[in-house]
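Asker: Residue numbers (this note's numbering): 1 to 925.
Glycine is no exception: its CB is placed at the ideal position from the N, C-alpha and C atoms.
Below you'll find the structure I mean.
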């Protein structure tokens, strides 16, 4: 802190004025955090041991006066629901979900009414009158039941308020407003019982009516003194929001008619270096904050100061900037104190619990009796890092993926995992017995996970803290539900869980007085720093945007003296300017993007600093953009090592397939990954039939239909017989290839019908050919052929090996056919020049069909050969034969010359693949 910090001044006053009565002095501060810093300030100013004064926050102080325990918003909602049910006729009672939608807003308004000591009957009947006036023009006979209910709601508000107030008071619990109202009722008794105590209020800005009344009462009875931290720049400017509240108090409090207003300082107008920095996106802001801190460390080391960051604060306008900032801090940052909690949104235990809710609520909504689980929900849980190492379900995961299970009944899942672990049973126990058993199951699960984690491993130790945070929340919910058993729907439980989980932040451990301070806006109250870095200086973030979470209209709030967005903005303004008040170096970072999720205009505070620039302020404005690399991506280049060459030789011995050669042409890196490293695609559930799976089904069906016809000429009756078997055979192939996948509905049913249609259309074309007099004899189906290439340009012999879909003899010509389920045009199998054949991926189908012809050449025994494609999406075109087009002459018969030229091209391609001096180089498509 700076030498003249506000807390240093408070410490000086305490020692000067209350040295003898420190143990009877109570210091009241706006928040708990400032307590540590005030004790430190006191320590610096005393040489001997002293008894510290009691230091408490304003909320704890008011709670002590009222003698009532505060409850959290969810517990309050449950209590309000109890009251609502007790005073509402059974026929008109709403479910908890519907009730919660409006109850939160009503509670917010009750809280404001109480904090500002307004007469609830007056305010709530005022609201009813407003609604009555709105509906004035409607004739009695035109009032619908819905409208009547709506008007009744406003009539019931005073009853809701009084019943809830009495109910909570009877239990000795309350929300903030109730506690404040009761504290005001109790202030005389409290002041009399502690007449020997002295109260020092320090560092306040916005006070509600109850706080004003309490403080003024204690000041008037000479039991208290208050010290403000008001800068004359804001106090003397009637339009400056940073001084809005303090100006009101100075003007209206009776005490200041006769006594001086303490303290008015003149710190803001002193010398300050303010740098305004704009940069795109959230991450950019975190990176810049990190580089500023690095520069501060370097600078302080060059000036031979200690290089500590005790007087540096990073104030985050948005909580989600915390993690990017931590990753952006330089390694030279030693001590660090984070006053914000780590959000539960990214807590691994919370993510697992949310996934459990999703899986089970979906199963219940689908069919509670058969309890059908969706495979993605199951795999999400089984592959979660807190589950996977301990659940012993790798075989189950593999089974689900291999067999294309999409929806699995609970019974089937238990069957598939024969010997379940304890954690597995807890995860997949049915959620049928109500909310408390569900919560107890989750509680047991979290305890089991906690038991799996070790204290010796630092990472697991941290994970334990995350698991424990969620465990506490679940136990809190068990406590709520055991008191309110009639709220028992799982959907309601999930909605409440989502609200409660926001409270489950995990605190960071740190030394609050040492090193860099990272905090939110509210944590910065009362504290002073030399260097301040503020992020997210955008409208909607700093200050926060307008939020109308109230049933009380703006003009009514103005009339009754309730805070509006004007006052809320003024609170933000004060916090912002207080941060700057005693700082010497200020960095204000904002997002330059005006569109997007975390974007917005530059904050009005920056504009205000520019427009109302003080004489001693140096204000600079910079825009930082990320440095873009000259090349966006460097293609991979992998040299051929000795082991790569051995693998290539192994492939050459076992056989290069035509598809392996075309994959090299498409992208050598793809060939390297698939063939050299043998990296196969991850096996996943195929929810919708993929095109290649559909292709396999059609291929296999045609193979089975035609197998009995090998080595014989096909007749019309043979084809007609095949027609009868289509439905049965396609279904059988679907079961074999697609296994447990769902084919009775949705896209898969369409795919099933497409497969049948394709086979049927193919058979129709075949039948037509036979009728037209074609003599067709099947020679081979789905058969593997191979041939060795011995060539002086190759380092070793290479085997070419491939699977041919169909070979037939048609009218004395050998025809080699490759089926394609996609659309293929005539141009794809037409070659105009041999040059560059192996350089263009568009020639992949030519390379493939000629490879089959080359492998089958000897088996053809001199008969003429054709090779080509039958495209199921282009069946009208019939057999698309490879043809070599020279000038006007088209040759579809594959002769020795064509095969010779093809071999030359293949040798060129293979010699490149097998040349150890040519690396695998990625092609950017």
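1) Which residue comes first and which comes last in the alpha helix (DSSP H) that contains residue 900?
2) Below 8 Å on the Cβ atoms is my guess for residue 230 versus residue 344; work out the distance and round it to an integer in Å.
3) Note down the Cα distance separating residue 1 from residue 237, rounded to an integer number of angstroms.
4) Using a Cβ-Cβ cut-off of 8 Å (strictly less than) and excluding sequence neighbours within five positions of residue 223, which residues of its own chain qualify?
5) When the Cα atoms are used, what is the spatial distance from residue 5 to residue 582?
6) Are the CB atoms of residue 450 and residue 467 within a distance shorter than 8 Å?
7) If you run the structure through DSSP and keep just helix, strand and coil, what is residue 487?
8) Please classify residue 323: is it buried, with 16 or more other beta-carbons within 10 angstroms of its beta-carbon, or exposed?
9) Rounded to whole angstroms, what's the CA-CA distance from residue 20 to residue 259? Just pull it up for me.
10) Starting from the Cα of residue 481, find the closest Cα among 253, 81, 270 and give me that residue.
11) Compare the C-alpha of residue 79 against each of 633, 163, 64 and name the closest.
12) Mapping DSSP to helix, strand and coil, what is residue 414?
13) What is the rounded straight-line gap between the Cα of residue 512 and the Cα of residue 37?
14) Short of 6 Å in beta carbon distance, which residues of its chain neighbour residue 474, apart from the five on each side in sequence? Order them along the chain.
15) Is the beta carbon of residue 240 sitting closer than 8 Å to the one on residue 234?
16) From the DSSP output, which residues share a beta bridge with residue 407?
17) Enumerated in chain order, which unbroken segments of the alpha helix (DSSP H) with a length of 4 residues or greater are wholly contained in the stretch 564-593?
18) Is it buried or exposed, residue 228, if we count other Cβ atoms within 10 angstroms and call 16 or more buried?
19) To the nearest angstrom, how far is it from the Cα of residue 601 to the Cα of residue 408?
20) Between which two residues does the beta strand (DSSP E) harbouring residue 275 extend?
21) Under 8 Å, do residue 518 and residue 340 count as touching if we go by C-beta distance?
22) Starting from the N-terminal side, write out each stretch of the alpha helix (DSSP H) that is 4 residues or longer and does not extend beyond the stretch 84-132.
23) Take the Cβ of residue 664 as the centre, count every other Cβ of all protein chains shown within 10 Å, and call the residue buried at 16 or more, exposed below.
24) What is the DSSP secondary structure of residue 33, counted as helix, strand or coil?
25) Need the endpoints of the beta strand (DSSP E) that residue 803 sits in, please.
26) Does residue 624 come out as helix, strand or coil in the three-state DSSP assignment?
27) Taking the alpha carbon of residue 802 as the reference point, which residue from 268, 281, 811, 788 has its own alpha carbon closest?
28) Between the Cα of residue 93 and those of 386, 486, 225, 279, spot the shortest distance and give me the residue it belongs to.
29) Among 697, 853, 628, which one has its Cα closest to the Cα of residue 896?
30) With a CB to CB cut of under 7 Å and the five nearest residues on each side skipped, what residues in its chain are close to residue 461?
31) Compute the Euclidean distance between the alpha carbons of residue 578 and residue 525, then round it to the nearest angstrom.
32) How many angstroms separate the CA atom of residue 39 from the CA atom of residue 608?
33) What are the start and end residues of the alpha helix (DSSP H) that includes residue 929?
34) Since residue 159 and residue 87 are thought to touch, with beta carbons under 8 Å apart, how far apart are those beta carbons, to the nearest angstrom?
35) Helix, strand or coil for residue 559 per DSSP?
36) Helix, strand or coil for residue 444, going by three-state DSSP, please let me know.
Answerer: Let me spell this out:
1) Run containing residue 900: 896-914, per the alpha helix (DSSP H) assignment.
2) 38 Å between Cβ atoms; not a contact.
3) With a pLDDT of 38 at residue 1, under the threshold of 50, the modelled position of that residue is not reliable, and no figure is offered here.
4) 191, 194, 195, 197, 198, 199, listed in sequence order.
5) Using only the alpha carbons, I get a separation of about 7 Å.
6) Their beta carbons are under 8 Å apart, which means residue 467 touches residue 450 by this criterion.
7) In the structure shown, residue 487 falls within a coil segment according to DSSP collapsed to helix, strand and coil.
8) So residue 323 counts as exposed.
9) Answer to the nearest angstrom: the Cα atoms are 24 Å apart.
10) With distances taken between CA atoms, residue 481 lies nearest to 81 out of 253, 81, 270.
11) Nearest to residue 79 by alpha-carbon distance, out of 633, 163, 64, is 163.
12) In this structure, DSSP gives residue 414 a helical state, which the three-state scheme calls helix.
13) As the crow flies, the alpha-carbon of residue 512 is around 8 Å from that of residue 37.
14) Exclusion of the five residues before and after residue 474 leaves 439, 442, 443 as the residues of its chain whose Cβ lies within less than 6 Å of its Cβ.
15) Taking 8 Å as the cut-off, the beta carbon of residue 240 is found closer than this to the beta carbon of residue 234.
16) DSSP lists 374 as partners of residue 407.
17) You should have 565-581.
18) So residue 228 counts as buried.
19) Those two C-alpha atoms are separated by around 50 Å.
20) Here the beta strand (DSSP E) through residue 275 covers 272-279.
21) With respect to the 8 Å criterion, residue 518 and residue 340 are classified as neighbours on the basis of their beta carbons.
22) Those alpha helix (DSSP H) runs which fall completely within the stretch 84-132 and span 4+ residues are 96-115.
23) Buried: at least 16 other Cβ atoms inside 10 Å.
24) In the three-state reduction of the DSSP assignment, residue 33 falls in the coil class.
25) Looking at the DSSP string, the run of the beta strand (DSSP E) that includes residue 803 is 798-810.
26) When DSSP states are grouped into helix, strand and coil, residue 624 belongs to the coil group.
27) Out of 268, 281, 811, 788, the CA that lies nearest to the CA of residue 802 is found in 788.
28) Considering only alpha carbons, the answer is 486.
29) Residue 896 has its Cα closest to that of 853, out of 697, 853, 628.
30) Cβ within range, chain order: 455.
31) Looking at the backbone, the Cα of residue 578 and that of residue 525 are separated by about 8 Å.
32) Their Cα atoms are separated by approximately 35 Å.
33) Outside the displayed range of the chain (1 to 925) lies residue 929, so it cannot be described from this structure.
34) Yes, residue 159 and residue 87 are in contact; Cβ-Cβ is about 6 Å, under 8 Å.
35) Of the three classes helix, strand and coil, the one that applies to residue 559 here is helix, per DSSP.
36) Residue state, collapsed to three classes: helix.
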